[in-house]
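Notes follow once the structure below has been shown.
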Amino acid sequence: MSCICNQFPFLFKKLLGQWMFEKIMKMTFYGQFVAGEDHNSIKPLIQKNQAFGVGAVLDYSVEEDLTQEEAEKKEMDSCVSEAEKEGPDVIHREKKYKAHRQFGDRRGGVISARTYFYADEAKCDKQMETFINCIKASGGASADGFSAIKMTALGRPQFLLQFSEVLVKWRQFFNFLAALQGKSEMMILDQKLELEQLEASMIKLGVGAKNDIANWFSGEKLGLSGTIDLLDWNSLINDTTKISSLLMVPNLETGQLEPLLKKFTAEEERQMKRMLQRVDVLAKYALENGVRLMVDAEQTYFQPAISRLTLEMQRKFNREKPIIFNTFQCYLKEAYDNVSLDIELSRREGWYFGAKLVRGAYMYQERARAKEIGYEDPINPDYEATNRMYHKCLEYVLEEIECNGKANVMVASHNEDTVKFTLEKMNEMGLSPSENKVYFGQLLGMCDQISFPLGQAGFPVYKYVPYGPVNEVIPYLSRRAQENRGFMKGSQRERSLLWKELRRRLMGGQIFYTPVY
């Protein structure tokens, strides 16, 4: 189906010619789902939506058109380090966090998320400039705009894989130590390890010398009560440290901290550092332009690193107001733990928590990869379990808003039941839409029957607004075709509303969609 959808526009263009193809696309499919070709041409649509109380999350939706073989080659080249190519790993590597060619094309089974493949550092710089232009356009278009970015667009994904594995291994090690102190059954937020007992346990295991262990858990990593806290302790980013020095994991067999890989080349060191620098540049532009920056979620083998880097940005830039928003995929079994941990950390450190809650975009791919490679399926067992997880995460954030007032959440959902659930909870908790802490988000061209009534009722609501030249957004439009096909199949109500609108247009003599630009 994906192949057919991707090829059809090109056959259509060949048959009609470029001018007629673009004209018809702008009157139909492109006009429905894409706002315009550049940041100037999208302004009329943004202003029109604003008149109805609907804001914009700008997203430059140009995508690279690669064959499956080209995508797989790019992925393997960018996810396998020089050390891995030269010989066996220093320590056991987790299968989940290694590149596998059969899943190298990360577009497989994904219809609602854009995919970036690494080519070189110059391309990452160019993509950063595109994000900067998007941030500037958001700032110029409205006083309260959002802009979205993807970490895989900003650097070599090898770092995201490796950093994710390091974070997971340290979490596993911490859980092991918690079990030694009889705290493994406690709620994760209450797990605290006594420093002296922790040092004794680690020395007994032969893991490091006493002075080394004390240094691991010094300074800001110590809780006020003199205990070690998982959240504070798990902060690994330090601007003055070589990035590769963070990629160390405990080896219980040797009693030593060991590098995840036996060596990193000078270029790999620079690539890792440049990714962080690009992220920092974007965050500063967002702050300067009064734009809130949403970091999109990606596959679970990248996500621990993406979430940690996003959290570090929140610590730095969310001191006075919410600028950086992390995305939580609620189809994941660990979604609630991730949301509650980050909120707890924001509460302790006094910064603004910002979240976008989504159900998730990579379910089929994640399940197939877990089954084929041999690790636990990270996805909830069924759609109802995902709905419960979404509402559980959402309710926790709303409670934090009610109690603390420093959390903010975007309910990014096309599900009417979820929107009703949110409105009911806001009413119960006395949360007013004028507080501007709970936002709603839907894609441009979809679920207008949700977005516009919310906007006219005074709730902060946003459309995810894609834009870009007709020829270069064809991959995006192909995915929209597939997503809308599946979405409409299960939505009798929306079909009824569409027929009503069609009858209205026929009666009013307005058959075709007319672009606003």
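Residues in the sequence shown are numbered from 1 upward in steps of one, following full-length UniProt numbering.
Don't be surprised by glycine CBs; every beta carbon is placed ideally from N, CA and C.
Would residue i pass as an interface residue toward chain D - the criterion being a Cβ-Cβ separation below 8 Å?
i	result
I401	Looking at the structure shown, chain D is missing, and only one protein chain is on hand.
For a quick check, are the C-beta atoms of residue i and residue j less than 8 Å apart?
i	j	result
Q127	L160	no
N326	G354	yes
I343	E400	yes
N291	G139	What sits at residue 291 in the sequence shown is Val, not Asn. The answer is yes: Cβ separation under 8 Å.
V470	M25	yes
L506	A305	no
Y116	S78	no
F409	L394	Note that residue 409 is Val in the sequence shown, not Phe. Yes, the pair counts as a contact, with Cβ atoms nearer than the cut-off.
residue 525	I373	Any answer about residue 525 is impossible in this case: the structure gives the chain only from 1 up to 517.
S81	L261	yes
A368	E376	no
F146	Y462	yes
R107	A71	yes
P322	Y352	yes
residue 596	F440	For the chain, the structure presents residues 1 to 517; residue 596 sits outside this window and is missing.
When the Cα atoms are used, what is the spatial distance from residue i to residue j?
i	j	result
E298	Y362	8 Å
E32	I46	Reading off the sequence, residue 32 comes out as Gln, not Glu. Cα-Cα distance, rounded: 14 Å.
G445	V473	15 Å
G508	E501	10 Å
F29	N289	32 Å
P433	R308	30 Å
Q303	Q158	13 Å
M20	E435	47 Å
L454	E312	33 Å
S164	T310	13 Å
A143	T67	40 Å
K123	R156	11 Å
N427	R388	20 Å
E384	N40	42 Å
I149	E86	34 Å
V295	M151	7 Å
W499	R319	48 Å
A286	A179	42 Å
E269	P250	21 Å
Q510	P44	20 Å
F317	I324	7 Å
P460	R348	28 Å
E64	F452	33 Å
V419	A457	13 Å
V62	Y476	8 Å
D125	K74	17 Å
V411	A83	42 Å
D38	A51	21 Å
I42	K48	10 Å
residue 550	E267	One cannot answer for residue 550 here, as it falls past the ends of the chain, which runs 1 to 517.
L357	S413	8 Å
Y336	R359	12 Å
L276	E129	15 Å
Mark residue i as exposed unless 16 or more other C-beta atoms lie within 10 angstroms of its C-beta, in which case mark it buried.
i	result
Q162	buried
K406	buried
N338	buried
K263	exposed
M76	exposed
C330	buried
D229	Any reading at D229 needs caution, since the residue's pLDDT is 39, under 50, leaving its predicted position unreliable; the model's value is listed next. Answer is buried; the Cβ neighbour count reaches 16.
R504	exposed
D105	buried
S496	exposed
G36	buried
T265	exposed
residue 532	Because the chain spans 1 through 517 in this model, residue 532 falls outside it and cannot be assessed.
F245	Looking at the sequence shown, residue 245 is not Phe but Ser. S245 should be labelled exposed.
K169	buried
C403	exposed
Q271	buried
Q172	exposed
L257	exposed
Say the cut is 7 Å; is the CB of residue i nearer than that to a heavy atom of the ligand COA?
i	result
F131	No copy of the ligand COA appears in this structure; indeed no ligand is present at all.
Complete runs of the beta strand (DSSP E) confined to the region 79 to 132 [at least 3 residues]: If we require 3 residues or more, the region 79 to 132 turns out to have no beta strand (DSSP E) run fully inside it.
Given 8 Å, three or more beta-carbon pairs between the region 50 to 63 and the region 452 to 469: yes
Segment contact flag, the region 269 to 287 with the region 90 to 104, C-beta cutoff 8 Å, min 3 pairs: no
Inside the region 245 to 311 only - beta strand (DSSP E) runs reaching at least 3 residues: Here the runs fully enclosed are 248 to 251, 256 to 259, 292 to 295.
Those runs of the beta strand (DSSP E) which lie wholly inside the region 392 to 424 and span at least 3 residues: 407 to 412
Every unbroken beta strand (DSSP E) inside the region 302 to 374 [3 residues or more]: 324 to 329, 353 to 358
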